[in-house]
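If you're matching positions, the sequence shown starts at 1 in full-length UniProt numbering and goes up one per residue. Here is the structure we will look at.
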Amino acid sequence: MEWETTENLEKIKEITRTTDEYGFLHHTDFKHHNYVAMEKYLKELNENYPNITRLHSIGRSVENRQLYVMEITKDPGKHSLSKPEVKYIGNMHGNEVVGRELLLLLLKYLCENYGRDKRVTQIVNTIRLHILPSMNPDGYEISKVGDIYGLKGRANAKGVDLNRNFPDLYVTNDYNKEQEPETKAVMNWIASIPFVLSANLHGGALVANYPYDNGPEPESNLPNPSPDNDVFKMLALTYSKAHPQMHLGEPCPPVTNKISGIKSLLEERFPDGITNGAAWYPVSGGMQDYNYLHSNDFELTLEVGCTKFPNASELPKFWLQNRESLLKFIEMSRKGVHGLVRSPIGGAISHAKISVDGIKHDIYTAESGDYWRLLVPGNYNITVSAPGYETVTQNITVLGSDDPEGSEVTLDFTLMRDNPQDWSSAYDFGIFANLQNGYLKNSELSARFSQLENHQPNVAEFRAGDSLVSMAIHSLKITQNMGSPEENKFHIALIGGLFASQPVGREILLRLATHILMGNQIDDPPIKRILNNAVLHFIPGVDPGFDNVPNDCNPTVKDEIGEKLLSQNINKTKEMDIITNAFRKMLLNEAYDVIIILGGGSFSISYAKDELNVYKTLAENYDQTMHKEACGIKTNRETNIAEYIQREYNIPVININLSCCKYPAANTIPTIWRGTLKPLMQLIQDLTSGIRAVITDDHEIPVREAVVKIGTKTYQLSRNMAYFKIILIPGDYVLTFFCTDYASKTLKVHVDEQNITNINVQMRKLKPGEAEYKQNKLGKQLSVINHILNNLNIKYPQLSTLHDIGKTRKGNQILSLEISAKTKEKQAGRPSIIFSAGLSYGKPVTSKVLLQFASYLLDNYKNNEIITSYLDKLSIFIVPDLYPDLIKNDSCIPYINNELSFPIHRELSKEAAMIIDWFKQINAVLIVNLNIGSRHVEIPYGSQYNRIDKEIYESEDDQVLKTLASTYTKYSLHNSAKCDTKLNIKNNAVIHGGKGIAGIRGDSLLDYIYLNTSTLIMDVYIACCNTDDSMSVWQDNKDSLLAMIKEVLKGVQGYIISENNEPIENAILSYDDSVHQIRSGTIGTYWILLSPGNHNITATASGYIQQTRLVSVPDINKFTNLTFKLRRDESIFGLPRLVFIIIAGTVCLAIVVCGICICAICQSTQHSEKNYRKAYAFSLLKDGTSFFENDEKEIEIFRRPLNDSILKYEEKLRITKPYFDEDNASSSDDGSDLEFIRPEQECNEKVLQET
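Quick look at the structure:
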């Protein structure tokens, strides 16, 4: 009885126990948990609360730490139809630890309060919550307490920022092209659970951030709202307003850059404490965007505190500030509409698409047929569709309420199965053969396409065996009036089977070609319009390896054509197989306007980027009609292929993946076809819309040289009839037509939906008196090469500047085209690189290659991220013809007798001096000079210069130059192919000039530039003869030329400034033991290419004290900044200024003193002479005494003969002898021994009287 009483008392005590001020039932130790402590903490919670928790790992980190997830809900471990799935992720950046500790505290709070607190109990019973406290446990372990805004520990153990590592809507770059283990684990986790809502907790700011995090214009800082912007703002405000400080929008304490004064991103003000991610600062590869785009999940990024790694004493404050926000956010998962999608017999319909009218973002039902769709209050039409079922639409109203349960709507759907034959009759012209299961072998596929030509030879042409290309790759061309000119039609390529492991595109293209030909046969208007305006190129099976691929969802196949194409792009030395080579020739010669690639492995669509957003809009429209499923991790192969084709061949690509499996089951082909037909036909119809123009002169003769400008991009005309055609979406466009000697013309053109606007443009010939004629007259005076440069400058005035280097003896003009984006950086100074040609018989091939290069750079600005980055960062000078006086001769000789020479020790010729002066003026980092006669690269030296060491041709910059040269040959397609030359060229095709052609030539530009300018130089021999095909040579060397641009964007850069921060121009920088010196530019800028490692750099400037600094250059593709602040040299003759002033002052004082003394002596002497000239006489005193101590001296003085002048003077004046004046004699001892006896006047009077 006593025992029972004690037990009851304990129960009463347990029930009446209250929580502390932090909401916890038991004492909570607020401290930081490292990995071991966190693991122990989670395991103890799981052991203490096994009925509502489940601890598991979703993967491992780089350093093999577990990525622990704790699930907390009633009956954990399984998906429930009545519970939305919610997740919290913390510590994605290892040094941002507040989120990690908040989530550990949240777990404890929910566990301890379950069954005691009504609200907590409701959350645990009705929501399935998943918490990943640390996504980056490796980074945490090296982070330090007290970190406010540092970076140590931010990235994972491989140095990758995990919040830049997810696949992105807009960008595939070095940060996200390959996913890290932590990223893969989270992506798989997202794919395995139908999450509805989630948040990613960060630190360093105080704001709720919502999608999109990135935008189409990188670093634009413009808002990029998602289709669900209202929902995201509602979620962000829910968290922010429940936070006592976040909703105020106040910035964090200032973290100002003391040098630049630039305000930190963490010091922004955020109205209501929320922000669109792209508007704050763009983040590519972010996790929140990935969740929204690849799952049903709506995720926010929560910045929960200004300090990244605060002291543990601050954790209670953070917990109290965020507790209510964390709970309210979880409760928002039930706000909106949810329900079940069932078949008529009650079976769950998984992957049914849930569409909301007016919102271009769909979600999909889970495996059990349930869905949860977050919505703000309002009226909505909800449409549910699924393959094989009839589509159903219902209307609902979501009420506004602060209580999520009050704004929760349940809406179930029952879908009726449709009839495939009925669908075929309604949408596929009753072609029941298209509903057949299975895959065709290569021979069977070719036979079926050949039969299509036989049925309608007037519109279809099957190509197989009429050329080397068609022997390798079979294709079917469909268009109206087969055989007539096709110059004015849009050419659309439809490609399947680029990867043998992805055969679904083969089957879909066969069915599509059959559908189109049947539509043409029965005169279907949309299909007739397509074939009248377009040529459809069906290329169903590029990779012939399909026949040997195992029938598996995701088979592993080696040496696929798609992979070979990509590897060929990376490794130019690899020999190309027949199929890959044929496919490249098709891309090069067929003049496709757009390519559609069909593949598998995911449900996704990617598109080519263009200034007018044509393909983005079309891809988004397709995506809305596409029935997608949540797939696993998708590879970037298809995206890389699309980017490669667009970059290399300037052909827009739309890539469509049709199934999660690369090799979907044979019985799913009819279902995939039924889901693909309608959106694919819609896409093709949209691709045959735009503008078509014919440009002629007043006499209706085609003006083939004209160009058309829309926006900032310029387009060429067709070669024959001067047609211009462009695919556009509906809207108004302004077109400007340009041509040399013709008046420009601007037209506003409207494009209707699925329609081509045809226009005829007549261009008027300019007259000599017109102003526009004067502007264009330069073009008439130029050579063919310079004329092309001038046209490029006219086409791209915002990207190019034409420079006049000068004229040769024969009056030929040398022009250079500078290519660079006119940004603020350009005004402040930027590095430059020169690509030159024409000093020997390399023309025309070397000049044409550089012209192609210039055009490629200009055409791809803003269309290619790499090119855009290059032109934004540096200036590229193209000089296709440095010596136009040379007469073109077909030649394979790399040097000639009458070419320009550049002697080191003799005077340069006028033309050579002009070229060198221009090189010095540009002050480039690197010159790449193209030649013919071989395929290799030469670097300084080209002569011995009395060097007697072992490597007589090696320069002090040999390591840097060899790296540059090796990089060029690495990307050159035929660098290993040898020409008919006797040179001993090694396998890497890099030699010193003295062992190559420069040594044979003598007085080469190679050595003169290296020894006398700030620029490094390479001679690159790109072809055996100047008659080689320039397009092939261009393709072979394109990547090498681009690689040179990349290589000059690293090393050391900086400024030479005075103590007053004024730039010092023409300062000289020397480094290590190199004889090569760098000269600073007009604003004190300099750039030095250096190999990785430590280097001594010395800056010298006239009037300043020399300064030497040690710099460490890392092995990365970026500049290391090093600024020299020189003090004025106040020394004189090697002495400090003060010392020199003291010494000089002393010397001057001594000179003055000496001068005064000399002057005094002179005056004294003159005074003595005057006294001699005066008529004074002296006599001995009567008593014979004297003031002289020695009487003999006295007598001697009076006896001493007078000088000649005095004698003469006395003789003239007859001076009387002295006498004793006895009357006036003084007997006083103080009296003078001498006595004046007659003044001068008296003496003169007496003399006059006597005479």
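Beta carbons: idealized from backbone N, C-alpha and C, even for Gly.
Inter-residue Cα distance where the pair is residue i and residue j
i	j	result
Phe490	Phe724	10 Å
Gly779	Glu461	At Gly779, the pLDDT of 41 sits below 50, so the modelled position is not reliable and the matter cannot be decided from this model.
Thr696	Ile508	42 Å
Gln179	Gly286	12 Å
Leu1005	Ser836	11 Å
Thr801	Leu858	12 Å
Cys553	Phe499	14 Å
Gly139	Val304	19 Å
Ile473	Leu565	15 Å
Tyr622	Thr668	21 Å
Ile991	Ile1000	13 Å
Leu55	Phe195	18 Å
Pro831	Asp686	44 Å
residue 1255	Asn812	Residue coverage of the chain in this structure runs from 1 to 1251, which leaves residue 1255 outside it and unanswerable.
Glu314	Gly249	21 Å
Gly599	Ala665	14 Å
Asp559	Leu440	21 Å
Thr18	Asp117	11 Å
Lys962	Pro457	59 Å
Ile382	Cys661	29 Å
Trp372	Val86	11 Å
Residue j beta carbon less than 8 Å from that of residue i
i	j	result
Val535	Glu487	no
Lys1125	Glu1059	yes
Ser401	His627	no
Gly994	Tyr953	yes
Pro137	Tyr35	yes
Phe919	Thr1013	yes
Ile595	Thr580	no
Tyr212	Asn224	yes
Leu683	Leu618	yes
Val542	Val549	no
Contact set for residue i: own chain, Cβ-Cβ below 7 Å, skip 5 residues either direction
i	result
Val1033	Val845, Val849, Ile1022, Ala1023
Val231	Phe298, Leu374, Leu375, Val376
Leu680	Leu512
residue 1306	Look at the range of the chain in this structure, 1 to 1251, and you will see that residue 1306 is not part of it.
Ser80	Arg128
Asp362	Lys353, Ile354, Ser355
Cutoff 6 Å; reference residue i; Cβ partners in own chain excluding five residues on either side
i	result
Lys1212	Only weak support exists for where Lys1212 lies, its pLDDT of 47 falling under 50; the coordinates are left without a value.
Arg100	Gly90, Asn91, Pro133, Ser134
Lys810	Asp885
Tyr380	Val356, Ile396
Contacts around residue i, its chain only, beta-carbon distance under 8 Å, and the 5 residues preceding and following it disregarded
i	result
Glu390	Leu415, Met416, Arg417, Asp418
residue 1269	Since the first and last residues shown for the chain are 1 and 1251, residue 1269 lies out of range.
Run of the beta strand (DSSP E) containing residue i, from where it starts to where it stops
i	result
His787	Run containing His787: none in the beta strand (DSSP E); it sits in the alpha helix (DSSP H), 784 to 795.
residue 1264	Since the first residue of the chain shown is 1 and the last is 1251, residue 1264 is not available in this structure.
Phe1124	1124 to 1126
Ser1030	Looking at the DSSP string, Ser1030 is not in any beta strand (DSSP E); the run it does join, the alpha helix (DSSP H), is 1030 to 1047.
Limits of the alpha helix (DSSP H) - the one that residue i falls within
i	result
Phe853	845 to 859
Lys328	315 to 331
Asp543	Note, Asp543: premise wrong, no alpha helix (DSSP H); not H, not E.
Val186	181 to 192
Legend entry - the region 167 to 185 in contact with the region 272 to 279 per 3-pair CB rule at 8 Å: no
Inset, instruction - Say whether the region 696 to 713 touches the region 724 to 735, bearing in mind that this needs 3 or more beta-carbon pairs closer than 8 Å, one atom from each stretch. - result: Contact annotation: the region 696 to 713 touches the region 724 to 735, with at least three C-beta pairs closer than 8 Å.
Legend entry - Segment contact, 8 Å Cβ cut-off, at least three pairs: the region 936 to 946 with the region 956 to 967: yes
Inset, instruction - State whether the region 1033 to 1042 contacts the region 1104 to 1124, with contact taken as three or more CB pairs (one from each stretch) at a distance under 8 Å. - result: no
Legend entry - Segment contact flag, the region 38 to 48 with the region 58 to 77, C-beta cutoff 8 Å, min 3 pairs: Contact between the region 38 to 48 and the region 58 to 77 is present, because at least three Cβ pairs lie under 8 Å.
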